[in-house]
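**Q** If you read the protein sequences in the order shown, they are chains F, W, L and S.
Each number in my numbering corresponds to the 1-based position in the first sequence with 1065 added.
Each number in my numbering corresponds to the 1-based position in the second sequence with 357 added.
Each number in my numbering corresponds to the 1-based position in the third sequence with 156 added.
Each number in my numbering corresponds to the 1-based position in the fourth sequence with 134 added.
Backbone N, C-alpha and C define an ideal beta-carbon position, used for all residues, glycine too.
Sharing a structure, written as structure tokens. Questions coming.
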Amino acid sequence: MAAPAPLHDAHEADHAHQFEEKEQQREAGSLGMWTFLVTEVMFFGGLFCAYVIYRSLHPHGFELGSHLLEVKFGATNTAVLICSSLTMALAIRSAQVGKSKATIITFLVLTMLLGLTFIGVKLYFEWYHDYLDHIVPGIDFVYRPEWGSFAPEVQMLMVFYFFMTGLHALHMVVGIGILTVLTIMAARGRFSPRYYAPLEISGLYWHFVDIIWIYLFPLLYLIGGRYSTGGH
Amino acid sequence: MSTTAVADLPAPSSQSPVNYLNATYGIKSWLLTTDHKRIALLYLASITVMFLIGGIAAVLMRIQLIEPQGALVQPETYNKLFSMHGIVMVFFFLIPSIPAVLGNFLVPMMIGARDLAFPRINLLSWYLYIIGSIFVLYAIMSGGIDTGWTFYEPYSSAFSHTHVIAAVLGIFINGFSSILTGLNFIVTIHKMRAPGMTWFRMPLFLWAIYATSVIQILGTPVVAIALFLVGLERLFHVGIFDPAIGGDPILFQHLFWFYSHPAVYIMILPGMGVISELVTCFAKRKIFGYEFVAFSSMAIAVLSFLVWGHHMFVSGQSIYAGLIFSVLSFLVAIPSAIKVFNWTATLYKGSISYDAPMLYALGFIGLFTMGGLTGLFLASLAENVHVTGTYFIVAHFHYIMVGGAVMAYLGGIHFWWPKITGRLYPDGWARFAALVIFVGFNLTFFPQFMLGYLGMPRRYAVYPAEFQVLNVMSSAGATVLGVGYVIPLIYLIWSMRYGPAAGPNPWGATGLEWQTPSPPPTENFEEIPVVTAEPYNYPGPKVVIRG
Amino acid sequence: MIVSIQSGLLCIHHLASLIPLHPPAASSIAQDVDDLHFTLTGITLFFTALIFGCIFYFMLKYRRRSDDEQPEQVVMNLPLEITWTAIPTLICAGIFIWASALYIRNSRPPASSTEIFVIGKQWMWHLQHPEGPREINELHVPLNVPVKLTMTSQDVIHGFYIPAFRVKKDVVPGMYSSIWFLATVPGTYHLFCTQYCGAEHSQMIGWVYVMEPTDYAAWLAGGAKNESMVETGARLFDQLGCEACHAANNTGRGPSLLGVYGKPEKLRDGSTRIVDEALIRQAIVNPNSVLLPNYPSIMPTFKGQVDEEQVLDLIAYVKSLGTGENAPNERTPNQ
Amino acid sequence: MSEHVVPVKTYVGVFVALICLTALTTGAAYIDMGRFNTVVALAIAVVKMMLVVLFFMHLKYSSGMTRIVVIAGIFWLGLLISLTLADELTRHWTPNAGPWGLLLPFLHF
């Protein structure tokens, strides 16, 4: 802060000088996060828009590309993220109703572990194996004969797959960073039924990342159904 | 309550010994500040540097075009000059100009708050802006970039041999600066208004800034991701927009203009907000039709997102989409017209003074009228086919961005300069500069309308000889305009040291920002004011000190 | 005195000839576009003069005479607000209808158009007449005959623009765009690229020559003997071995191309597409994207083996094989 | 004012519903429904999103302003996609001649 605030030094430590009261600060934080999430919607939205256009232009190539992805990992990761949303919600609730420090920390750590599981599955079972299968565009992508002239479209689906899931994973990493900070704050006993705004606001972000995945899973893994493989 | 006060405030002392400028000293106290007023000044300094860089490019371009075969540089260099001019002026000067400088300084003061809701995020915005500028300046220094500010695919990804990735990254990072600034304003205006400051007691500048912020947070991420994809395509040689690999280059144009058309309103809406403040103060009149001016800002913000396709009427876009975008483009003209008429009506029976900020404001109204009306040409399908991609477009958007946004910015700077620095600038010089800029601007850009209809395409380094007369006229006008911009730079810097001290309210303006000392203390208000009256409660308080 | 007025007028006249207000109007639509343009200019000048006039008048009439003035405060006049909302709305609606009607009228080439093909490449215009002549940066067209240009690009986006005809369209790689015009005044006119395309964008310009039809016919016939696009296409068809599958008598593994042009074709994915230039191009460069229900998907892509020019030759050849009876082009009455 | 406290039972219920919907959407992909596969997958995704937004993110208990923000986000994303699609889906349509020519492509499709 540039200067001390001599005229209203009676403020508590947990509310910044520019606010008149703590409730105002909490509401500002919450509105700020929601507004930020709208920005995020449009950020992913540009990608979703491009995806929708190209899928309508290249339905078959996208279907072929989608069949390169393993539904079991996509579905598992969806479940993992839903679990992490539950633990996140419970962490906030624990602070809200004044549960012990240990309870809050347990739920936060659980959330983090689930997030790490998600990234682990993504990194090892999916991306690493894609690399071994030579289907990583821009790094190692080999056209397969069965794709015929659809190969560029298959590659385009994989570009979207890696970029969208990559961007999502990046958000997960940021989320885990935030959770680490929250855990430290919880360990220092900062949260109480009177003050849990950081938990609540971070929770919004975490759930949003979950929602992005809820769309990515069907859009990337389940294109055109799984009842047949290859062409028609 | 006397007629002069907007708020229940103790009368400010004429001089404040400790203010935001002298509260702390040293480089660190500036680079680590979270005071919105200091951050506004950081922006002021940095966008002025960017304006000069973009301006130099413009000067070189106008010299080149004096002769049909090019008077100065090779076409490759000319292409880099107009790209640099566009990128620097649009993303690093115009978009941050009024919001980040005047908005940052004034939003908390106008609503009666001590700071923005998130002061540290505000500082982060400035750092993101600086990092973005560094990337773009690196691209310029290390050989330039030649894609134009529009980065059209597939040229930008597969054909250009210049530093596209650095430039794109710079704009991407700067985009987040813009988003965070907008987010900060939205939350601040929602949550931090002083007691009694209802939405309809807000000065119209705040309505305009709010509408601008909405565009910033909704549009910027889309262009960010589109430009990121261009960089990705270039880096990894994968197909996204390049038709050689199944992509659709027109899709890039959609994503680009989804932001970049509303971006025009990011530039002009805050300008309109400034004009509402200036016209009322220097005519001593309440604004005519407050609700209409306020809601037209919101209408513009929403409609601005529905019209982007008029940039693409000849791109190969479908005829049907063209028709939809055409009718929506006509719609956005209506709220703009409402504003112009209301400002003009505000002058009626006023008490009009000819101070420098007012001259800028009146210039703005006239030039914006012309810029807006020439927009109708571009919304008209059959006409657009002929004039798009020619100098007509160049003239049109310079009437909006220079005749509009820059005039408003300069008017705003001149209006609030005494508040920002606590000093008065030489009035005569300021009026003279305003006139020179107005004349120079018209001399520069009016001939370009004619050039455009005659068919001279934009972005031409060399051109057929029959276009020379108008090009020379335009270049001559640019000289006048250039001089006009240098004069304020000199006397404003001079005034910071030698200007006479300004009182808290040298213009006799209403508005909370005038009810604190000049320059204001770090916390803006000694006590949070309580607002009891409508805005523009003119005739305002008597002038306290006048240079 | 009179001399000086005369020389003054001469000066103005001279200036006016130096700075014309519009490019030559040399096509059937040029006058219509100019009418729209000058109407809009009139509206612009009227409102600009109105606003500036009001500003100057108010500035003088209501200038501040003392700092203590207490101007009368008028804050709202609803009928006035409604009026100045309604008037621009009506003007906008009128202009929209006018401009859109003109645009739609200009967007559809008459069925009798002769066709010329345009390929943009960095940094030249390549123009190809079906009868054979190929030109660089020069386009010869007949007077009073509608001409349809089918255009594509070999590299980046270009913009094809003939100011004298008031026509412009981007030339986009990977797709065909088209414009048409009917030249009405013989002469030589500018041809510009209006979409920034790289280093020599401003040198990607040329000339359009509008000739009397007889001169045009002579021009077509004269010069080096070129084979026509159909002939080139037929040769390519043979060389590339297309005949093996697309046998004329429908005995090959693929469909016969006899009379397919202009016919609606039901594709395997259920959609119906008219066989036009775009579809034929797609079938050559990306055959699997336009599979037919009753044929195996065995056609390889010819992308990379044929350039845009040769694709156009092949299309010309396929079109020469006759058009289907159901072609909507045929049904539509001529304008 | 303090934030609404949601019972654990609600959270667990939402969680179970989300897991079931995930299983459902995965299973549905193995049934041939033609183009309805996409419709079903997206419909389920929308329901899942609603559950997360309403309960986990407390939108059900939030102020009107928050709702407006959410609706604005969805609305603008819709604008982006629908107006872009308006071009991409009609790009090959040409209006036919005659006074009603503009409408003919609509009748054709």
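Along chain F, which residues have their Cβ under 8 Å away from the Cβ of K641(W)?
**A** By 1-based counting over the second sequence, the position of residue 641(W) is 284. Those do not exist, as K641(W) stays about 33 Å from chain F at its closest Cβ, beyond 8 Å.
**Q** For T270(L), does the three-state DSSP call read helix, strand or coil?
**A** One-based indexing of the third sequence puts residue 270(L) at position 114. Under the three-state reduction of DSSP, T270(L) is assigned to strand.
**Q** Along the chain, where does the beta strand (DSSP E) that runs through T637(W) open and close?
**A** Here the question's residue 637(W) lines up with position 280 in the second sequence. Run containing T637(W): none in the beta strand (DSSP E); it sits in the alpha helix (DSSP H), 606-640.
**Q** Have a look at the DSSP bridge pairing and note the partners of P692(W).
**A** As a working mapping, residue 692(W) is identified with position 335 in the second sequence. Partner(s): none; P692(W) has no beta bridge.
**Q** Within 10 Å of its beta-carbon, does V416(L) have 16 or more other beta-carbons around it, so buried, or fewer, so exposed?
**A** As a working mapping, residue 416(L) is identified with position 260 in the third sequence. With 16 or more other Cβ atoms within 10 Å, it is buried.
**Q** Where do the N-terminal and C-terminal ends of the beta strand (DSSP E) with K324(L) fall, by residue?
**A** Reading the third sequence from its first residue, position 168 is the one you call residue 324(L). It spans 323-327 - the beta strand (DSSP E) in which K324(L) sits, taken as one unbroken run.
**Q** Below 9 Å on C-beta distance, what does I1118(F) contact in chain W?
**A** If you number the first sequence from 1, residue 1118(F) lands on position 53. The answer, in chain order, is D605, L608, H611.
**Q** Chain S beta carbons: is any one of them nearer than 9 Å to that of Q1083(F)?
**A** Position 18 of the first sequence, counted from the first residue, corresponds to residue 1083(F). Not one chain S Cβ lies under 9 Å of Q1083(F).
**Q** Starting from R220(L), follow the beta strand (DSSP E) in both directions and report where the run begins and ends.
**A** On the third sequence, residue 220(L) is found 64 positions in, with the first residue counted as 1. Premise fails: R220(L) is in no beta strand (DSSP E) and is neither H nor E.
**Q** Using CA atoms only, rank isn't needed, just tell me which of P1202(F), T1182(F), T1176(F) is closest to F1138(F).
**A** Residue 1138(F) sits at position 73 when you count from the first residue of the first sequence. Cα-wise, what sits closest to F1138(F) is T1182(F).
**Q** What is the C-beta distance between I632(W) and A718(W), in whole angstroms, given that I count them as a contact (C-beta under 8 Å)?
**A** Numbered from 1 along the second sequence, position 275 holds the residue referred to as residue 632(W). Numbered from 1 along the second sequence, position 361 holds the residue referred to as residue 718(W). Confirmed, about 5 Å.
**Q** Looking only at its chain, what residues have a beta carbon closer than 8 Å to the beta carbon of V1186(F), apart from the 5 residues adjacent to it on each side?
**A** What you label residue 1186(F) is simply residue 121 of the first sequence in a count that begins at 1. F1138, T1141, N1142, V1145.
**Q** So, with DSSP's three-state summary, where would you put W363(L)?
**A** Here residue 363(L) is taken as the residue at index 207 of the third sequence, counted from 1. The answer is strand: DSSP assigns W363(L) an E or B state.
**Q** Between I272(L) and L295(L), is the Cβ-Cβ spacing less than 9 Å?
**A** For the purposes of this step, residue 272(L) is taken as the residue at position 116 of the third sequence. For the purposes of this step, residue 295(L) is taken as the residue at position 139 of the third sequence. Cβ atoms of I272(L) and L295(L): closer than 9 Å.
**Q** Taking Cβ positions only, does A678(W) come closer than 9 Å to chain S?
**A** Indexing the second sequence from 1 puts residue 678(W) at position 321. At least one chain S Cβ lies under 9 Å of A678(W).
**Q** I need the straight-line Cα distance from L1197(F) to G1240(F), nearest angstrom please.
**A** In the first sequence, residue 1197(F) corresponds to position 132, counting from 1. In the first sequence, residue 1240(F) corresponds to position 175, counting from 1. So the two alpha carbons sit approximately 29 Å from each other.
**Q** Does the beta carbon of F662(W) come closer than 9 Å to any beta carbon on chain C?
**A** No chain C appears in this structure, whose protein chains are F, W, L and S.
**Q** Please report how far the alpha carbon of E1211(F) lies from the alpha carbon of G532(W), in whole angstroms.
**A** One-based indexing of the first sequence puts residue 1211(F) at position 146. One-based indexing of the second sequence puts residue 532(W) at position 175. E1211(F) and G532(W) have their C-alpha atoms some 42 Å from each other.
**Q** Measure the CB-CB distance between L1284(F) and A175(S) and report whether it falls below 9 Å.
**A** Position 219 of the first sequence, counted from the first residue, corresponds to residue 1284(F). Position 41 of the fourth sequence, counted from the first residue, corresponds to residue 175(S). By the CB criterion at 9 Å, L1284(F) and A175(S) fall inside the cutoff.
**Q** Taking 9 Å as the threshold (beta carbon to beta carbon), is P235(L) in contact with chain W?
**A** Here residue 235(L) refers to the residue found at position 79 when the third sequence is read from its first residue. It does not: the Cβ of P235(L) has no partner Cβ on chain W nearer than 9 Å.
**Q** List the residues of chain L whose Cβ lies closer than 7 Å to the Cβ of E433(W), in chain order.
**A** Here the question's residue 433(W) lines up with position 76 in the second sequence. What E433(W) touches in chain L: A355.
**Q** Cutting at 7 Å between CB atoms, please list the residues of its own chain near I530(W), excluding the five before and the five after it.
**A** Here residue 530(W) refers to the residue found at position 173 when the second sequence is read from its first residue. Apart from sequence neighbours up to five positions away, the residues of its chain that approach I530(W) with a beta-carbon distance below 7 Å are L485, I488, G489, F492, ordered along the chain.
**Q** Give me, in chain order, the residues of the same chain whose beta-carbon lies closer than 7 Å to that of G723(W); leave out the 5 immediate sequence neighbours on both sides.
**A** Counted from its first residue, the second sequence places residue 723(W) at position 366. No residues qualify anywhere along the chain.
**Q** Name, going along the chain, the residues of the region 531-560 of chain W whose beta-carbon falls closer than 8 Å to a beta-carbon of chain S.
**A** Within the region 531-560 of chain W, the residues whose Cβ lies closer than 8 Å to any Cβ of chain S are, in chain order, H547.
**Q** So M549(W) and L869(W) are supposed to be a Cβ contact under 8 Å. How far apart are they, rounded?
**A** Residue numbering aside, residue 549(W) sits at position 192 when the second sequence is read from its first letter. Residue numbering aside, residue 869(W) sits at position 512 when the second sequence is read from its first letter. Incorrect: roughly 13 Å between the Cβ atoms, too far for contact.
**Q** Have a look at A866(W) and M727(W) and give me their C-alpha separation to the nearest angstrom.
**A** Here residue 866(W) corresponds to residue number 509 of the second sequence, with the count starting at 1. Here residue 727(W) corresponds to residue number 370 of the second sequence, with the count starting at 1. The alpha-carbon atoms of A866(W) and M727(W) are separated by roughly 29 Å.
**Q** Applying a beta-carbon distance threshold of less than 9 Å, which residues of chain S neighbour F615(W)?
**A** In the second sequence, residue 615(W) corresponds to position 258, counting from 1. Under the 9 Å cutoff, chain S gives L213, L214, L217, T218.
**Q** Does V1117(F) come out as helix, strand or coil in the three-state DSSP assignment?
**A** On the first sequence, position 52 is the one that residue 1117(F) refers to. Helix, per DSSP.
**Q** When you compare the CB of Y486(W) with every CB in chain L, is at least one pair closer than 9 Å?
**A** Position 129 of the second sequence, counting from 1, holds the residue named residue 486(W). Not an interface residue.
**Q** For the region 552-559 of chain W against the region 886-895 of chain W, do three or more pairs of beta-carbon atoms, one drawn from each stretch, fall closer than 8 Å, so that the two count as touching?
**A** yes
**Q** Going by the beta-carbon positions, is the gap between G276(L) and V323(L) smaller than 9 Å?
**A** Sequence index remark: in the third sequence, residue 276(L) carries index 120 (1-based). Sequence index remark: in the third sequence, residue 323(L) carries index 167 (1-based). No; because the gap between Cβ atoms is not below 9 Å, this pair is not in contact.
**Q** Going by other Cβ atoms of all chains shown within 10 Å of its Cβ, with 16 needed for buried, is F734(W) buried or exposed?
**A** Position 377 of the second sequence, counting from 1, holds the residue named residue 734(W). F734(W) is buried by the Cβ-count criterion.
**Q** Under three-state DSSP, which class holds Y317(L)?
**A** Here residue 317(L) is taken as the residue at index 161 of the third sequence, counted from 1. DSSP places Y317(L) in strand when its eight states are reduced to three.
**Q** Comparing alpha-carbon positions, which option in E237(L), M232(L), G354(L), L206(L) lies nearest I691(W)?
**A** In the second sequence, residue 691(W) corresponds to position 334, counting from 1. Ranking E237(L), M232(L), G354(L), L206(L) by CA distance to the CA of I691(W) puts E237(L) first.
**Q** Could you compute how far the alpha carbon of L188(S) sits from the alpha carbon of V231(L)?
**A** Translated into positions along the fourth sequence, residue 188(S) becomes position 54. Translated into positions along the third sequence, residue 231(L) becomes position 75. Distance between the alpha carbons of L188(S) and V231(L): 44 Å.
**Q** Restricting to runs no shorter than 4 residues, where is the alpha helix (DSSP H) found entirely within the region 1260-1290 of chain F?
**A** Those alpha helix (DSSP H) runs which fall completely within the region 1260-1290 of chain F and span 4+ residues are 1262-1281.
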